[in-house]
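Asker: Structure provided below as structure tokens; questions to follow.
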Amino acid sequence: MRELEIAKSELQKKGYLDLPVDVRLDLFAEIERLKKEKNAIVLAHYYQEPDIQDVADYIGDSLGLSQQAAKTDADIIVFAGVHFMAETAKILSPQKKVLLPDLKAGCSLADSAPPELFRKFKEKHPDHLVISYINCSAGIKALSDIICTSSNAEKIIESVPKGQPIIFAPDRNLGAYLSKKTGRDMLLWNGACMVHEIFSLEKITKLKIRHPKAKVIAHPECEAAVLEIADYIGSTTGLLNFSKKDDAKEYIVVTETGILHQMQKENPSKTFIPAPPNNACACNDCPHMKLNTLEKLYLCMEYEEPEITMNEQLRIAAKKPIERMLEISAHYGL
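Everything in the sequence shown is counted per this note's numbering, starting at 43 for the first residue and increasing by one.
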């Protein structure tokens, strides 16, 4: 009991409950037990480690996870993802307890848009409508008119009248790609995702030479030069669906490596090659996503900590642009 008290007292500093887990425990069975006992649901992003994906009730990207969080009838939502995703679940389901295995599982892209700086930026352009990518904090959501994801962003932008000027935040690479795709000259906030920014064009080009039949599939958060050599550009779910429907046998995958687990499960006869970054690593993992582990997931379900809490005024303000996104997405059948 003393051990638990110490772990709870250090929770904010460490980000998770630092408790020993008996190595003899079958964590898969324990997590299933806790789901039933507590009426809990585990939502996992595609970038989580394979074990977490395999124990999750729902695996998806930002839009799918947002929708699932909004409609679940569970009492507890355990969000195996990063902080802004768990925040989104709390925004949509305030009456539910929302848990995140590690509070330090943040997001470089979300961190690149501090709300106070963005507020000042927005004030300089009062005639602009703000569309923000869902990979942002609750503070940025509260300053936005509409939220979007990589899978619905094009439709969201097209739903805005052509004469209406737009600020797009926080991802400049996704914003530039969408400007090109929609023909809208948007004002872009200067933020980026550390994972998608460091893919090496040179190394991908060399991979293409070694695998001439492989198709390059990339996430639109990547830099323009990488997107130009891609055979297909899409959201994480879009990339997965393309790999299932397409007839190629080899793919160079230019996004976080976690998605390869689902791609391989869905396409056992195909080969998926992770695109290398411009450092000494062979593949590109998000260090924030990978902070969550099966042990931390088990502990957070067992003791219902760390919990995501939110100021109600902030929650209401952040909910409006998400609801607008979900309305537009439903209209387009997304």
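We put the CB at the ideal spot given by N, CA and C, even for glycine. All values derive from a computational prediction rather than experimental measurement.
With distances taken Cα to Cα, identify the nearest neighbour of leucine 107 among Lys55, Asn177, Glu47, Pro92.
Answerer: Of the candidates Lys55, Asn177, Glu47, Pro92, the one whose C-alpha sits nearest the C-alpha of leucine 107 is Asn177.
Asker: I'd like to confirm the pairing. Which residues does DSSP put opposite tyrosine 175 in its beta bridges?
Answerer: Answer is Cys190.
Asker: In its own chain, which residues sit with a C-beta less than 8 angstroms from the C-beta of alanine 324, not counting the 5 before and 5 after it?
Answerer: Because alanine 324 sits at a pLDDT of 49, beneath the cut-off of 50, its placement in the model cannot be relied upon, and the following sentence gives the value as read from the coordinates. Within the same chain, alanine 324 has close Cβ partners Pro316, Pro318.
Asker: Closer than 8 angstroms to a non-hydrogen atom of the ligand FAD - does that hold for the CB of methionine 305?
Answerer: As far as ligands go, the structure on display features none, and thus does not contain the ligand FAD.
Asker: Can you give the Cα-Cα distance for cysteine 328 and tyrosine 89, rounded to whole angstroms?
Answerer: Each residue's alpha carbon lies about 8 angstroms from the other.
Asker: Tell me whether lysine 50 sits in a helix, a strand or coil according to DSSP, three-state version.
Answerer: Lysine 50: helix per DSSP, three-state reduction.
Asker: With respect to the beta strand (DSSP E) encompassing leucine 85, which residues constitute its N-terminal and C-terminal limits?
Answerer: Unbroken beta strand (DSSP E) run through leucine 85: 82-87.
Asker: Check the C-beta distance from threonine 224 over to isoleucine 246 and give it rounded, since I have them as a contact under 8 angstroms.
Answerer: So it is not a contact: roughly 26 angstroms between Cβ atoms.
Asker: Serine 193: buried (16+ other C-beta within 10 angstroms of its C-beta) or exposed?
Answerer: Buried, because 16 or more other Cβ atoms sit within 10 Å of the Cβ of serine 193.
Asker: With DSSP run on the structure shown, which of helix, strand or coil describes isoleucine 209?
Answerer: Strand.
Asker: Tell me the DSSP secondary structure of alanine 260 in three-state form.
Answerer: Alanine 260 falls in the strand class under three-state DSSP.
Asker: Return the residue from the list Asn232, Pro310, Val268 that minimises the CA-CA distance to lysine 248.
Answerer: It is Val268.
Asker: I'd like to know whether the C-beta of alanine 112 is nearer than 9 angstroms to at least one C-beta of chain B.
Answerer: The chain inventory of the structure shown lacks chain B, comprising one protein chain alone.
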